[in-house]
Amino acid sequence: MDNLLYGRRLTKGELPIGFVVDDRIEISPSVTIGDRMIRCHRCNSMTAKNIASLPNNQFFCPNCMELGRVSTLTNLYHVPEPNDFNADTHPLTWDGQLSALQLNCAQKVDECMRDKKRHLLWAVTGAGKTEMLFTAIANSIARGERIALASPRVDVCLELYPRLQQAFAEQKICLLHGRQTESYEYRQLTICTTHQLLRFYHAFDNLIIDEVDAFPYASNPQLYFAASQAVKPQGGCLYLTATPGENLMAMVRKKELSISYLPLRYHGHLLPEIKLKLVPSWRRQLGNKKLPGSLIQTLKQRLKNKRRFLLFVPHVADLSSVKEGLERQLKINVTTVHAVDEKRLEKVQKMRDHEIDFLVTTSILERGVTFPEIDVFVIGADDAVFSTAALVQIAGRAGRSVSRPTGDVIYWISSFANNVSDACAQIRFVNRKGRKLQH
Amino acid sequence: MNCLLCGTQIEIDFNLRELVLPMKIKKRSICHQCDQEFERLGGIRCDGCGRSQKSIDLCEDCQKWEHQVGFVINNRSAFEYNDAMHEYMKQYKFTGDYRLRSVFTTEFEKLISKQQPDVIVPIPINKSTWQTRGFNQVTGITSNLRLIEALETINGSKETRQSKKNRAERMSSKQPFKLSGDVEITKKISHQRALIVDDVYTTGRTIYYAANLLLTLSPMSISSVTLAR
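Protein sequence lines correspond, in order, to chains A and B.
Each residue of the first sequence is one higher than the one before, counting from 200 in my numbering.
Each residue of the second sequence is one higher than the one before, counting from 53 in my numbering.
In structure tokens:
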């Protein structure tokens, strides 16, 4: 019970009933009141007084309510991180092999974490990022440091947890996310969503953030703040991404962040480049339940050659008309998936088991899923729902296996929008770097 | 403006009148989809508690009340207490998102004024709730009306929340309120049409306790309005 507050900042409601507040505990107000705005000390957001007001001249922060409300009625309780661990000098139980390229990067990561630097690792999709972290994490644990591995997405955390638990069999890892029921435990290695970092304060010697570019972290200044304050003032922060956004690149240009690249996939091949096909009137055609001729031709060919593929559409509402059009024009059964589909996992599993040859999907399958030997098609890639990062991630679904390290990536667009051209440029950029390494 | 419940951008379809005439545009705080989740009560209902049923005769529960306390309170509620309302209450009351108070204000206040009350008495919350939640959920919703706070909670009477009890436990709970010590306030009730407002009508226990107390002030009539039931 003692270590519950080590390196964390909690409200009274989050503490167990009967928790004794002794003099080691630092108590600070959670909201400060300004002239027109109030500032929340947990998420650092400013809110206009009229929005944040409670009766009797009290105020609350409406921006971090999912963690439980903080207000002028509550205080934050904190105990400075003491690093109270029995450090294991050889915690790594993983015996896999890294490729020469990965090894190079792993050393770089290790150096950064040793020197507590702020670093960005730009590794393409399917580069094997997680494995490259193992030695660095092991060395950090051996030094007795507290480490967190955070990601904006719950599914990424849930996928990382068993992999790390396997690689560090003797270590107990704490997994934190919004949907869980298990309680918090004080551990040397924590895996959590970036939202959970708001509960930490100067806790970690090293923080690793995976998939920094993913929603909601990318566009959320609150979570940037969460990350920056969860780390100790002299602590290090490592960002991992396949598609760095403008914010991160600006930090690199300002030299606030060092950067290293891993532009080749684990099998040593380049990323497949995006081919574009202009079909200005596809939406109108879709209204008549027809899909562009070039798309139909391409799909026919894939079906004939038994090549599996994913077809992405911009909106859930498009799924039914695309399905109808395909079924009419190709005379085949079409399976669609979207985020709130009840049979989503089942359908994805069917695709994995080769029971079906293709899926029509929204951007939920943009990251975190691997089907070997597939082609990737997007219709309406210029739609605003696809961010540059999403388009690069989608392209990264192709060519992930050694058996077929290339694949076709074709985007049907109605106009040359910025997101599409930026995505193409990003892939060309890493491929240029990759080619240099190949030779 | 984003929807206070689901966070998506609210789309407003202006009609011709709104576009052409210099009139005030109604501000929406939740989006159309979320709004449709809430079920408005109407049609034929029990003359007592206001639940939807086939006739306007007293429902079984109200007959029990009549038997037990000797009168039946005329209650009207604006919404069915369905999943959406449950979520709303959770977010508003228990998480404490005070911004949500304005979501139903217009509709709720309309329902209240339909009853043509002279004095409106809100159900109070106890001291410890004031310290944690920081607001009374009932007075939050009815911010534009003049309320007479004639009731107070008895200290320490409410150890567990109503919403955490089952029906039997609720029915056997003790009187949680007392009349306000301020004579000026209690004087205002006598020979007036008094209306009790609360957020949720579940068993009626709370409202009947409140009504019992107010009856001692000899009002002309007592009825009640709740946001949901």
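Cβ coordinates follow ideal geometry from the N, Cα and C atoms, glycine included.
Every value quoted in this text rests on a predicted model; they were computed, and no experiment measured them.
- Contact annotation: P169 of chain B and T191 of chain B have beta-carbon atoms that are not nearer than 8 Å.
- Residues of chain B whose Cβ lies closer than 7 Å to the Cβ of M245 of chain A do not exist, since the nearest Cβ in that chain is about 16 Å away.
- Residues of chain A whose Cβ lies closer than 7 Å to the Cβ of F187 of chain B are, in chain order, L253 and P254.
- Sequence-distant Cβ neighbours of I82 of chain B in its own chain, meaning closer than 7 Å and more than five residues away, are C55, L56, L57 and V155.
- A residue is called buried once 16 or more other Cβ atoms fall within 10 Å of its Cβ, and M331 of chain A is buried on that count.
- In the three-state DSSP reduction, P420 of chain A falls in the helix class (H, G or I).
- With a threshold of 8 Å between beta carbons, Y140 of chain B makes no contact with chain A.
- The distance from the Cβ of R238 of chain A to that of A247 of chain A is about 11 Å, inconsistent with a contact at the 8 Å cut-off.
- By a beta-carbon distance limit of 8 Å, H468 of chain A contacts P604 of chain A. Their separation comes to about 4 Å.
- The C-beta of G100 of chain B comes no closer than 8 Å to any C-beta of chain A.
- If the five residues before and after T194 of chain B are omitted, its C-beta is found closer than 8 Å to the C-beta atoms of T157, F160, E161, I164, I172, P174 and V249, all from its own chain and listed in chain order.
- For the C-beta of F585 of chain A, not a single chain B residue is nearer than 9 Å; the gap to the nearest is close to 18 Å.
- The beta carbon of Q227 of chain B does not come within 8 Å of any beta carbon belonging to chain A, so the residue lies off that interface.
- At a C-beta separation below 7 Å, S270 of chain A has these neighbours in chain B: G186.
- Scanning chain B for C-beta atoms nearer than 8 Å to the C-beta of P215 of chain A yields nothing, as the closest lies near 16 Å away.
- Not flagged as an interface residue toward chain A: Q85 of chain B, since no C-beta distance is shorter than 8 Å.
- When the beta-carbon positions are compared, G100 of chain B and C111 of chain B come within less than 8 Å of each other.
- Under the DSSP definition of a beta bridge, D574 of chain A partners with A:F508.
- Ranked by Cα distance from E410 of chain A, the options A:A426, A:L422 and A:Y438 are led by A:Y438.
- With its beta carbon at least 8 Å from every one in chain A, D250 of chain B lies outside the interface.
- Between S480 of chain A and K307 of chain A, the CB-CB gap reaches or exceeds 8 Å.
- When Cβ pairs closer than 8 Å are counted between the two stretches, the region 87-97 of chain B is seen to touch the region 129-149 of chain B, the count reaching three or more.
- The beta carbon of Q428 of chain A sits no closer than 8 Å to any beta carbon of chain B.
- In this structure, DSSP gives V591 of chain A a helical state, which the three-state scheme calls helix.
- Looking from the CA of S224 of chain B, the closest CA among B:Q120, B:Q167 and B:E201 belongs to B:Q120.
- Between the alpha carbons of K371 of chain A and E344 of chain A lies a gap of roughly 14 Å.
- By the Cβ neighbour-count rule, D552 of chain A is exposed, with fewer than 16 other Cβ atoms within 10 Å of its own.
- Under the Cβ distance rule, I612 of chain A does not count among the residues neighbouring chain B, no pair being separated by less than 8 Å.
- Counting along the chain, M236 of chain A sits inside no alpha helix (DSSP H); it lies in the beta strand (DSSP E) bounded by residues M236 to C239.
- Within the same chain, I609 come within 6 Å of K474 of chain A by CB-CB distance, once the 5 residues on both sides are set aside.
- Taking 8 Å as the upper bound for CB-CB distance, P513 of chain A and V584 of chain A are in contact here, some 5 Å apart.
- In the same chain as D287 of chain A, and ignoring 5 residues on each side of it, the C-beta atoms closer than 8 Å to its own belong to I340, A341, E369 and Q370, in chain order.
- The DSSP assignment places complete beta strand (DSSP E) segments of no fewer than 3 residues inside the region 185-218 of chain B at 203-205, in order along the chain.
- With contacts defined as CB atoms closer than 8 Å, R634 of chain A and D574 of chain A fail to qualify as a contacting pair.
- Residue state for A622 of chain A is assigned as helix, using DSSP reduced to three classes.
- With contacts defined as CB atoms closer than 8 Å, L470 of chain A and V629 of chain A qualify as a contacting pair.
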